[in-house]
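Enquirer: The listed protein sequences derive, respectively, from chains H and U. Going by our numbering, the residue at position 2 of the first sequence is 715; the numbering climbs one at a time, nothing skipped. Going by our numbering, the residue at position 309 of the second sequence is 678; the numbering climbs one at a time, nothing skipped. Cβ atoms here follow ideal geometry from the backbone N, Cα and C, with glycine treated the same way. None of the values given here were measured: they were computed from a predicted structure.
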Amino acid sequence: MPDLSGMRFAETHEWAKKDGETATVGISEYAQSQLGDVIYLELPAVGQQLDAGARLGVIESVKAASDLYSPVGGEVTEVNAELKDHPEYVNQDPYGKGWIIKLSAVKDNPKLLDQKAYDAFVEGQSR
Amino acid sequence: MVVTAARTPLYEEHVRLGAQMTNFGGWVMPLQYSTIREEHRTVREAVGLFDLSHMGELRVTDESVAQRVVSRDVTRLRPGRIQYAVLCNDAGGIIDDVLVYAVADGGYLLVVNAGNQDGDFDWIRAHAQGGGTVLNVGRDWTLVGVQGPRAVGLVQRLTSAELGSVKYYAFVEGTVADVACVISRTGYTGEDGFELFCANGDAVRLWRALLEEGERDGIRPAGLGARDTLRLEAGMRLYGNDMDADTNPLEAGLDWTLNLDKDFIGRDAIMRTREQGLSRRLVGFKMLDRSIPRHGYNVVSKGERVGTVTSGNVSFTLGYNIGMAYVPPAMAEPGTRLGVDVRGAAAPAEVVPLPFYKRPHPN
Numbered sequence: 714m715p716d717l718s719g720m721r722f723a724e725t726h727e728w729a730k731k732d733g734e735t736a737t738v739g740i741s742e743y744a745q746s747q748l749g750d751v752i753y754l755e756l757p758a759v760g761q762q763l764d765a766g767a768r769l770g771v772i773e774s775v776k777a778a779s780d781l782y783s784p785v786g787g788e789v790t791e792v793n794a795e796l797k798d799h800p801e802y803v804n805q806d807p808y809g810k811g812w813i814i815k816l817s818a819v820k821d822n823p824k825l826l827d828q829k830a831y832d833a834f835v836e837g838q839s840r
Numbered sequence: 370m371v372v373t374a375a376r377t378p379l380y381e382e383h384v385r386l387g388a389q390m391t392n393f394g395g396w397v398m399p400l401q402y403s404t405i406r407e408e409h410r411t412v413r414e415a416v417g418l419f420d421l422s423h424m425g426e427l428r429v430t431d432e433s434v435a436q437r438v439v440s441r442d443v444t445r446l447r448p449g450r451i452q453y454a455v456l457c458n459d460a461g462g463i464i465d466d467v468l469v470y471a472v473a474d475g476g477y478l479l480v481v482n483a484g485n486q487d488g489d490f491d492w493i494r495a496h497a498q499g500g501g502t503v504l505n506v507g508r509d510w511t512l513v514g515v516q517g518p519r520a521v522g523l524v525q526r527l528t529s530a531e532l533g534s535v536k537y538y539a540f541v542e543g544t545v546a547d548v549a550c551v552i553s554r555t556g557y558t559g560e561d562g563f564e565l566f567c568a569n570g571d572a573v574r575l576w577r578a579l580l581e582e583g584e585r586d587g588i589r590p591a592g593l594g595a596r597d598t599l600r601l602e603a604g605m606r607l608y609g610n611d612m613d614a615d616t617n618p619l620e621a622g623l624d625w626t627l628n629l630d631k632d633f634i635g636r637d638a639i640m641r642t643r644e645q646g647l648s649r650r651l652v653g654f655k656m657l658d659r660s661i662p663r664h665g666y667n668v669v670s671k672g673e674r675v676g677t678v679t680s681g682n683v684s685f686t687l688g689y690n691i692g693m694a695y696v697p698p699a700m701a702e703p704g705t706r707l708g709v710d711v712r713g714a715a716a717p718a719e720v721v722p723l724p725f726y727k728r729p730h731p732n
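1) For the segment 415-429 of chain U, enumerate the residues whose C-beta is nearer than 9 Å to any C-beta of chain H, in chain order.
2) From the beta carbon of isoleucine 752 of chain H, is the nearest beta carbon of chain U less than 8 Å away?
3) Do the segment 480-497 of chain U and the segment 537-549 of chain U meet, that is, are 3 or more Cβ pairs less than 8 Å apart?
4) Let me know the beta strand (DSSP E) ranges lying completely inside the segment 450-528 of chain U, each 3 residues or longer, listed in chain order.
5) Going by DSSP, which residues form a beta bridge with tyrosine 782 of chain H?
6) Is it true that the segment 723-738 of chain H meets the segment 781-793 of chain H, where meeting means three or more beta-carbon pairs spaced less than 8 Å apart?
7) Would you mind reading off the limits of the alpha helix (DSSP H) that contains tryptophan 576 of chain U?
8) Which partner residues does valine 545 of chain U have in the DSSP bridge list?
9) Are there 16 or more other CB atoms within 10 angstroms of the CB of glycine 665 of chain U, so buried, or fewer, so exposed?
10) Compute the Euclidean distance between the alpha carbons of glycine 688 of chain U and glycine 501 of chain U, then round it to the nearest angstrom.
11) Between U:Arg636, U:Ala568, U:Ser403, U:Asp586, which lies nearest to histidine 383 of chain U when the distance is taken from Cα to Cα?
12) Mind checking which residues open and close the beta strand (DSSP E) that includes isoleucine 405 of chain U?
13) With C-beta atoms as the reference, is arginine 413 of chain U less than 8 Å away from threonine 686 of chain U?
14) Where DSSP assigns a beta bridge to threonine 776 of chain U, which residues make up the other side?
15) Where do the N-terminal and C-terminal ends of the beta strand (DSSP E) with tyrosine 753 of chain H fall, by residue?
16) Closest Cβ-Cβ distance between isoleucine 405 of chain U and chain H: below 8 Å?
17) Locate the alpha helix (DSSP H) running through phenylalanine 834 of chain H, then write down its first and last residues.
18) Does any residue of chain H have a CB that is nearer than 8 Å to the CB of isoleucine 691 of chain U?
19) Along chain C, which residues have their Cβ under 9 Å away from the Cβ of valine 683 of chain U?
20) Taking only beta-carbon atoms, is threonine 598 of chain U less than 8 Å away from chain H?
21) Measure from the alpha carbon of glycine 425 of chain U to the alpha carbon of each residue in U:Leu523, U:Asp489, U:Asp624, then state which is nearest.
22) Looking at alanine 595 of chain U and glutamate 408 of chain U, is the spacing between their C-beta atoms short of 8 Å?
23) Could you tell me which residues DSSP pairs with glycine 646 of chain U in its beta bridges?
24) For methionine 370 of chain U, does the three-state DSSP call read helix, strand or coil?
25) Indicate whether at least one CB of chain U lies closer than 8 Å to the CB of alanine 778 of chain H.
26) From what residue to what residue does the alpha helix (DSSP H) around asparagine 667 of chain U run?
27) Just to confirm my understanding: we take leucine 647 of chain U, look at its own chain, exclude 5 residues before and 5 after, and list those with CB closer than 7 Å. What are they?
28) Can you tell which of U:Phe540, U:Gly704, U:Val429, U:Ala578 has the C-alpha that lies nearest to the C-alpha of arginine 554 of chain U?
29) Around the C-beta of glutamine 498 of chain U, are 16 or more other C-beta atoms found within 10 angstroms, so that it is buried, or is it exposed?
30) Are the beta-carbon atoms of threonine 511 of chain U and serine 422 of chain U separated by less than 8 Å?
31) If we call anything under 8 Å between Cβ atoms a contact, is arginine 589 of chain U one with glycine 417 of chain U?
32) I believe valine 803 of chain H touches glycine 809 of chain H by the beta-carbon criterion, under 8 Å. Please report the beta-carbon distance rounded to the nearest angstrom.
33) For the segment 711-722 of chain U, enumerate the residues whose C-beta is nearer than 9 Å to any C-beta of chain H, in chain order.
34) Excluding the five sequence neighbours on either side, which residues of its own chain have a C-beta within less than 7 Å of the C-beta of tryptophan 396 of chain U, listed in chain order?
35) For chain H, find out if any of its Cβ atoms is closer than 8 Å to the Cβ of glycine 594 of chain U; answer yes or no.
Set out below in structure tokens:
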């Protein structure tokens, strides 16, 4: 299990991990398990400005197409190009090589949950 | 009112195998056990095991009743043989698509879609004035699918019935793993294999015996997720998605299920439609980019909406994305370029012949 202590989660099931002014964004283990086999991602262009909670793209699994929301605001500096040929990385390693975008000039979002609070939120949802 | 989804006799087995369950047609069914991709591949390359007990079974003893409600000439069906057909309403709309089994001791067994079984039963009974009996036996039977290139070998090891003589769309009675079964060479995956009907009380025994004996074939249980991606590749229509009571069989490309030289409910309306010409046809298409078509998306051409996607997904076997859609007849020829409206942008697609996938060595 990767170290999730620095990760903050949105109730829409994305995570953000800040490193100074930059952040990496992905989806949670719970989200990937609910989506099932990921087959395609529609991602923003580098340079795009995103507000916290803004739609950043679409993730498609065999089951359905779902919107992705950015847990924090900032400017897109990188999208995970590997996912174009290997969307399954999101299933296999959602906190590692299945990361989705990187942002700079990131502002904190106080609404995000730490792992413990997020786990409790998920448990409440799935009950 | 709380409507509780029914459980099949194999429900506990699915839970024990770690299945993700879903509601389908009033039943709680396994969606997937591992991943849809893995289960799909297992059926294409080895053998998959499906619980299909949600399907309905209706017994129609009287030939003239069956002949009146079924689109094909059931009198041409010899005992032990099976035909795919549709039930239509008076307007020629499809009430359901069914498999008709000609039973040795007379009459027919109709295997119908889960969500339609009670409606079909009422419909047939209402048109059976005085003619024999119509029984809804769906809840007494378990149906298990064994599908894939290794399915025949696997089932053969568990039965003394000579399966080589059971042709595609034929069935025999026999025992499989000492469980009395109807052994039917049918399926909804595009692969060879069997569908096995048994009494509910024997279901767990049969299921476990198939998983155990199939271990050396690489068997995996497979859920409704893989069933849907498999049937789509095989170009098989899904009732409720690709056709419904507002669709007639000609539009759905099911002309071959119609014997218009005999009388059946809906025939006159279908004849009229045929004379007037069709306003739309169901076609298969492949995406020319990475977009994934979905049920309900619009088909567009030159900025105009010209049709509707009825099914769509990735094709794991072919490596591109595929779908079915209703389009104007003028756009139904293979090679025709279409657009699929995916989140506001017209993604390029091309009409291709159905089915998308044919197994390499058909029996």
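Expert: Quick answer:
1) none
2) The count along the first sequence starts at 1 and reaches residue 752 of chain H at position 39. At least one chain U Cβ lies under 8 Å of isoleucine 752 of chain H.
3) no
4) 451-457, 463-471, 477-481, 503-505, 510-516
5) For the purposes of this step, residue 782 of chain H is identified with residue 69 of the first sequence, where counting begins at 1. For tyrosine 782 of chain H, which the question treats as bridged, DSSP gives the partners H:Arg768.
6) yes
7) As a first step, residue 576 of chain U must be located in the second sequence, where it is residue number 207. Note, tryptophan 576 of chain U: alpha helix (DSSP H), 572-582.
8) Here residue 545 of chain U refers to the residue found at position 176 of the second sequence. The partner list for valine 545 of chain U (beta bridge, DSSP) reads U:Val548.
9) Looking up residue 665 of chain U in the second sequence gives position 296. Exposed: under 16 other Cβ atoms inside 10 Å.
10) Along the second sequence, one-based indexing puts residue 688 of chain U at 319. Along the second sequence, one-based indexing puts residue 501 of chain U at 132. Rounded to whole angstroms, glycine 688 of chain U to glycine 501 of chain U spans 50 Å at the Cα level.
11) As a first step, residue 383 of chain U must be located in the second sequence, where it is residue number 14. Among U:Arg636, U:Ala568, U:Ser403, U:Asp586, the Cα nearest to that of histidine 383 of chain U is on U:Ser403.
12) As a working mapping, residue 405 of chain U is identified with position 36 in the second sequence. No beta strand (DSSP E) contains isoleucine 405 of chain U, which is instead part of the alpha helix (DSSP H) from 405-414.
13) Numbered from its first residue, the second sequence carries residue 413 of chain U at position 44. Numbered from its first residue, the second sequence carries residue 686 of chain U at position 317. Yes, they are a contact pair.
14) Chain U is shown from 370 up to 732; residue 776 of chain U falls before or after that span and cannot be answered.
15) If you number the first sequence from 1, residue 753 of chain H lands on position 40. That run of the beta strand (DSSP E) goes 751-755.
16) By one-based count along the second sequence, residue 405 of chain U stands at place 36. It does; some Cβ of chain H falls within 8 Å.
17) Residue 834 of chain H sits at position 121 when you count from the first residue of the first sequence. 828-839 is the span of the alpha helix (DSSP H), which, as asked, contains phenylalanine 834 of chain H.
18) Within the second sequence, numbered from 1, the residue matching residue 691 of chain U stands at position 322. No, because no Cβ of chain H sits closer than 8 Å to the Cβ of isoleucine 691 of chain U.
19) Among the chains of the structure shown, chain C does not appear; the protein chains present are H and U.
20) As a first step, residue 598 of chain U must be located in the second sequence, where it is residue number 229. Answer yes: the Cβ-Cβ gap between threonine 598 of chain U and chain H drops below 8 Å somewhere.
21) Within the second sequence, residue 425 of chain U is the residue found at index 56, counting from 1. Distances from the alpha-carbon of glycine 425 of chain U to those of U:Leu523, U:Asp489, U:Asp624 put U:Asp489 closest.
22) Indexing the second sequence from 1 puts residue 408 of chain U at position 39. Indexing the second sequence from 1 puts residue 595 of chain U at position 226. Yes, these two residues count as a Cβ contact at 8 Å.
23) Taking the second sequence and counting its residues from 1, one reaches residue 646 of chain U at position 277. The partner list for glycine 646 of chain U (beta bridge, DSSP) is empty, contrary to what the question assumes.
24) Here residue 370 of chain U refers to the residue found at position 1 of the second sequence. Because the pLDDT at methionine 370 of chain U is just 48, under 50, the model does not fix this residue reliably, and the value given afterwards should be weighed accordingly. Coil at methionine 370 of chain U, not helix or strand.
25) Numbered from 1 along the first sequence, position 65 holds the residue referred to as residue 778 of chain H. Yes, because at least one Cβ of chain U sits closer than 8 Å to the Cβ of alanine 778 of chain H.
26) Mapped onto the second sequence, residue 667 of chain U falls at position 298. Segment 667-670 is the beta strand (DSSP E) holding asparagine 667 of chain U; no alpha helix (DSSP H) there.
27) Taking the second sequence and counting its residues from 1, one reaches residue 647 of chain U at position 278. Closer than 7 Å at the Cβ level, and outside the excluded window around leucine 647 of chain U, lie Leu619, Glu620, Pro698.
28) As a working note, residue 554 of chain U is residue 185 in the second sequence. The shortest C-alpha separation from arginine 554 of chain U is found at U:Phe540.
29) Against the second sequence, residue 498 of chain U aligns to sequence position 129. Glutamine 498 of chain U should be labelled exposed.
30) Residue mapping note: residue 511 of chain U aligns to position 142 of the second sequence, counting from 1. Residue mapping note: residue 422 of chain U aligns to position 53 of the second sequence, counting from 1. Yes.
31) Locating residue 589 of chain U in the second sequence gives position 220, where the first residue counts as 1. Locating residue 417 of chain U in the second sequence gives position 48, where the first residue counts as 1. Yes.
32) As a position in the first sequence, residue 803 of chain H is number 90, starting the count at 1. As a position in the first sequence, residue 809 of chain H is number 96, starting the count at 1. That belief does not hold up - the Cβ atoms of valine 803 of chain H and glycine 809 of chain H are roughly 10 Å apart, past 8 Å.
33) Val711, Arg712
34) Within the second sequence, residue 396 of chain U is the residue found at index 27, counting from 1. Only Ala374, Ala375, Thr377, His423, Ala483 meet the Cβ criterion.
35) The residue labelled residue 594 of chain U in the question sits at position 225 within the second sequence. So yes, glycine 594 of chain U belongs to the interface.
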